[in-house]
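> Starting off with a structure, shown below.
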Amino acid sequence: MAAEREELQSHEQRRGAVWLYLLPVAIFAVVALALAWGLSRDASVLPSALLDKPVPEFELPPIPGRDNHGFSRQDLGGRPMLVNVWASWCVPCRAEHPLVTRLAREGFPVHGINYKDRPEDARAWLAELGDPYTYIGSDRDGRVAIEWGVYGVPETFVVDARGVIVFKQVGQLTPRVIEEKILPLLRELERR
Amino acid sequence: MIEYGHFAIALALVTALVQSTIPLWGAARRDRAMMALAPQAAVAQFLLLTFAFATLIHAHLTDDFSVRNVFENSHSTKPLIYKFAGVWGNHEGSLVLWVWILALFGAGVAVFGRDLPATFTARVLAIQGLIAVGFLSFMLLTSNAFERLDPPAVDGRGLNPILQDPGLAMHPPMLYLGYVGFSTAYSFAMAALIEGRVDPSWARWLRPWVLAAWIALTLGIALGSWWAYYELGWGGWWFWDPVENASFMPWLAGTALLHSAIVLEKRNTLKNWTILLAILTFALSLLGTFLVRSGVLTSVHAFASDPARGIYILALLVIAVGGSLLLYAWRAPQMQSGPVFAPISREGALVFNNLLLAVACGTVFLGTLYPLGLEAVGGPKISVGPPYFDRTFVPLMIPLLIAVPVGAMLAWKRGDLPGVLARLKFALAAAAATLALTLALGGARALLAGFGFALASWIVVGSLVEYAERIAFLRVPLARSWQRLRGLPRAATAMTLAHVGLGLMILGMTASSAGRVERILVMRPGETVALAGYEVRFDGVSQVRGPNYVAERGSFSVTREGNPVTVIHSERRFYTVERRTTTEAGIATNLLRDLYFVLGERSGDGWTVRLYYNPLVLWIWGGAVVMALGGLVSLTDRRLRVGVPRPTVRSVALEGAD
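Below is the structure:
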């Protein structure tokens with residue numbers, strides 16, 4: 001009797017275990033589906049994750065030695081503004097810097113998110129190239145940038161008066177993008 | 193010429209079809225003649241693919257621009273070594289290398305596997321043949337390197353300049369040796385599932401193949417990381433880029449496999465788990481190939497984005513991995529489970545190792561594919577970067593690393609943890625001293641670095657203590673210790689080497705991330721700046737001309753307290769054919785530190801320069817080399833050379849040849 005019951009039990013256990021053995025193939029099926037879906041789309045198009053969505057809640061400390069303000073969600077809204085994500089180690093940022101400066105001269109506030117940078121490097125960079133930014137937040141570990149959906153530096157966002165992201169430029173700004181997209185958009189937002 | 197190569201590929205496909213079907217049938221019917229076809233077909237396939245590969249290499253070396261692959265990826269002014277390396281520096285050519293290595297391993301099993309049971313060899317080679325069918329047809333249908341160009345071109349388009357580098361010339365072959373080498377583990381696992389039998393001798397047959405693949409993959413990843421370090425000019429050595437992760441995942445799974453196979457071999461347990469690991473390791477290798485080749489994930493490395501190719505590789509992946517996992521789900525529950533063991537034992541420690549490596553591999557997998565998965569269910573498009581991996585992967589590694597010397601000392605079946613810890617008191621003291629020294633020198637900010645250094649010394653000293661105990665170092669006369677050392681199985685030395693290598697790697701990683709000094713500034717010729725105790729004088733920039741590029745070369749004189757140390761040259765190269773600029777960092781390296789200088793853009797009357805001081809960074813790759821060396825020593829262990837004692841004439845002959 002006892003032996004029989006034991007056998008039955010071990011049989012039961014094995015039946016339970018069979019599902020365990022199916023687990024790898026089930027997980028793989030999910031992965032394969034995701035990969036198949038991944039193939040069906042164009043990976044080079046980068047949709048803006050937060051486009052037409054409010055800016056995420058965030059608060060960044062200042063770059064020490066620049067000012068004491070920092071940069072947070074509260075600084076956005078009221079009127080259209082630009083947010084430029086940059087780093088001193090980023091070569092395209094250096095190249096687009098005159099364009100960022102130009103946008104600031106057009107009278108639109110430009111804020112900066114200083115991405116994964118050292119304060120001393122960031123300060124030296126600003127001293128060398130000029131500082132067009134109203135507020136700069138120092139995102140040393142890059143976590144706020146993740147919340148903004150940043151792929152890499154540089155990136156530039158246009159935020160409207162309600163604090164909603166209405167445009168995003170992935171990569172370096174070009175005079176053409178500024179002339180054809182960003183400035184017309186900012187002027188229209190200003191008129192609203 | 194190239195047509196012969198093309199023809200050889202087609203013949204190899206036919207051979208692979210034969211190899212994958214008839215021996216499998218023969219094994220089921222116990223038909224000796226049909227089974228004997230497998231080794232012959234495997235060797236024939238190797239010869240055919242060697243010939244095909246040679247014709248492609250010939251076309252590249254002789255600048256035959258009537259071959260499309262040569263036209264698209266080469267140029268007559270390219271130095272000879274890169275004409276050679278350029279053969280696999282592109283999608284089609286790298287596939288030829290892939291199948292050639294697959295055939296190499298198949299022929300290896302055919303030649304060295306003569307003392308395996310006939311049905312087993314036949315089944316292993318049939319599975320290898322199936323993989324070859326998949327990849328050869330993929331090549332012929334979507335990615336043919338042997339096509340002609342009509343009319344032929346006068347000259348080629350050139351090779352991406354950042355790929356023209358000695359380190360990268362060797363990187364893909366090593367990586368592929370690793371990826372494809374794990375196909376043998378996969379075939380062994382599949383054959384075992386078909387036969388329904390797994391025993392210690394199976395693990396012993398498996399071991400040399402897994403080891404060979406693991407050594408190659410270790411070196412391949414290290415080469416890739418080293419290349420990224422000196423070529424990309426950012427001074428970083430690991431970026432958690434999807435393509436890096438794609439090679440790292442099979443390494444983690446393969447490392448787990450290497451350890452679980454030991455348990456199966458010595459204690460006849462963990463059978464199903466070892467089989468599953470063997471399948472998953474190769475599955476991750478295939479996934480790596482898929483990720484790089486399909487363009488599913490955007491990455492700096494992805495160099496072939498073609499949906500048709502992606503769909504084909506995905507189909508291959510589904511058949512190979514899905515099929516094997518189904519077979520696993522069907523057959524594995526019937527395997528006899530092995531003897532039980534106490535949680536605190538060598539087996540227990542190796543299970544702990546496997547658990548953590550598997551979970552770590554899972555986190556890397558999740559981090560790599562999560563963006564895709566999130567997007568698939570309608571979420572935003574994101575990228576997962578180092579912060580994720582720092583928070584998930586690193587904490588998982590810490591208990592694993594702490595356990596390394598402990599696990600190596602525990603006895604099989606039932607271990608004595610307090611006893612082992614008492615024997616490790618020297619290692620513990622070394623770790624504590626390292627931590628205290630780091631804190632004393634660097635203050636409270638150096639806590640994390642101190643922890644890393646302590647971990648490194650714990651592993652290195654702990655491994656050495658274990659080794660010293662084995663040879664009774666200082667406890668018996670030295671001559672006696674020497675005798676014991678000579679009598680020690682090579683596997684013991686191998687383990688110590690591999691673990692010490694791991695410790696050295698941790699040392700290099702900790703030191704180079706915590707102690708790095710970085711200065712980015714504009715320097716005018718003649719200007720001097722201080723960098724981590726050195727004085728760096730910028731001597732100016734001269735124009736130089738290379739074989740297929742022109743360059744600005746910046747020279748830096750480095751002194752220490754006025755005494756000359758070295759002169760470093762850093763170049764910005766402009767490749768005239770490809771019209772691309774690359775930076776060549778100037779690096780002065782010794783065992784203790786790298787001075788790493790990069791010349792940037794001209795800025796006014798000076799140049800932007802980036803100066804880095806990277807302490808002990810060499811040991812990241814040095815540690816990997818020591819680890820691989822451990823693998824190599826293990827490969828020469830007597831039990832692998834001699835194999836299962838079996839008094840046949842043939843195995844005696846093999847021994848004689850050894």
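Residue numbers (the numbering used here), protein chains in the order written: chain G, 1 to 192; chain Y, 193 to 850. Note that beta-carbon positions come from the ideal geometry of N, C-alpha and C, so glycine has one too. From a predicted model like this one, the values you see are computed outputs, not experimental measurements.
1) Under a CB-based cut-off of 7 Å, is LEU60(G) close to chain Y?
2) Could you please give the first and the last residue of the uninterrupted beta strand (DSSP E) stretch that includes TYR135(G)?
3) For TRP650(Y), count neighbouring Cβ atoms within 10 angstroms of its own Cβ and tell me buried if that reaches 16, exposed if not.
4) Are the C-beta atoms of VAL18(G) and some chain Y residue less than 7 Å apart?
5) According to DSSP, is PHE431(Y) helix, strand or coil?
6) With distances taken between CB atoms, is the gap from PRO578(Y) to TRP432(Y) smaller than 7 Å?
7) Taking C-beta pairs closer than 7 Å, name the residues in chain G that TYR520(Y) reaches, listed in chain order.
8) Can you tell me the Cα-Cα spacing of GLU258(G) and SER72(G), whole angstroms?
9) Any C-beta of chain Y within less than 7 Å: which residues of the region 113-130 of chain G qualify?
10) Less than 7 Å between CB atoms is the rule here; does ALA381(Y) satisfy it with respect to chain G?
11) Provide the residue span of the beta strand (DSSP E) that contains MET715(Y), from first to last.
12) Could one say the Cβ of LEU99(G) lies closer than 7 Å to chain Y's Cβ atoms, at least one of them?
13) VAL170(G) to GLU180(G), Cα distance in whole Å?
14) Return yes when the Cβ of VAL55(G) is within less than 7 Å of the Cβ of VAL158(G), no when it is not.
15) With a threshold of 7 Å between beta-carbons, can LEU791(Y) be considered close to chain G, or not?
16) Tell whether a beta-carbon distance below 7 Å holds between VAL153(G) and TRP86(G).
17) DSSP state of HIS69(G), grouped into three classes?
18) Tell me whether TRP604(Y) sits in a helix, a strand or coil according to DSSP, three-state version.
19) Can TYR135(G) and VAL110(G) be called in contact, C-beta distance under 7 Å?
20) Suppose you measure from the CA of ARG771(Y) to the CA of ASN84(G); what does that come to, to the nearest Å?
21) Use the C-beta contact count for ASN755(Y): other C-beta atoms within 10 angstroms, 16 or more gives buried, fewer gives exposed.
22) Could you name the residues of chain G that PRO309(Y) contacts, counting a contact when the two beta carbons are closer than 9 Å?
23) Compare the Cα-Cα distances from VAL759(Y) to each of GLY514(Y), VAL769(Y), PHE748(Y) and THR768(Y) and report the closest residue.
24) Leaving out five residues on either side along the sequence, give the residues of the same chain with a beta carbon under 7 Å from the beta carbon of SER335(Y).
25) Kindly indicate the opening and closing residues of the alpha helix (DSSP H) around TYR422(Y).
26) For GLY370(Y), which of SER379(Y), SER439(Y) and LEU360(Y) has the nearest alpha-carbon?
27) Kindly indicate the opening and closing residues of the alpha helix (DSSP H) around GLY700(Y).
28) Tell me where the alpha helix (DSSP H) around GLY654(Y) begins and ends.
29) Applying the 10 Å Cβ sphere with the 16-neighbour rule, what's the burial state of LEU8(G)?
30) Put THR334(Y) into one of helix, strand or coil per three-state DSSP.
31) Tell me the start and end of each unbroken alpha helix (DSSP H) in the region 305-349 of chain Y that is at least 4 residues and wholly inside, in chain order.
32) Who pairs with ARG772(Y) in a beta bridge, going by DSSP?
33) Of the residues that make up the region 82-106 of chain G, which ones have a beta carbon closer than 8 Å to any beta carbon in chain Y?
34) Consult DSSP for TRP426(Y) and reduce its assignment to one of helix, strand or coil.
35) Could you check the C-alpha separation between LEU409(Y) and ARG221(Y) for me, to the nearest Å?
36) On the premise that HIS250(Y) lies in contact with GLY278(Y), defined as a C-beta separation below 8 Å, what is that separation, rounded to the nearest angstrom?
Once the coordinates are examined:
1) no
2) Careful: TYR135(G) lies outside any beta strand (DSSP E) and carries neither H nor E.
3) buried
4) yes
5) coil
6) yes
7) TYR21 and PRO24
8) In the structure displayed, chain G extends from 1 to 192; residue 258(G) sits before or after that span and is not available.
9) ASP121, ALA124 and GLU128
10) no
11) 709-715
12) no
13) 16 Å
14) no
15) no
16) yes
17) coil
18) coil
19) no
20) 30 Å
21) exposed
22) Neighbours of PRO309(Y) on chain G: none; closest Cβ ~25 Å, over 9 Å.
23) PHE748(Y)
24) HIS283, GLU284, LEU287 and ARG501
25) 392-423
26) SER439(Y)
27) 682-706
28) 639-662
29) In this prediction, LEU8(G) scores a pLDDT of 46, lower than 50, which makes its location untrustworthy; no coordinate-derived value is stated.
30) helix
31) 310-334
32) TYR767(Y)
33) SER88, TRP89, VAL91 and ARG94
34) coil
35) 38 Å
36) Not confirmed; about 13 Å, so no contact.
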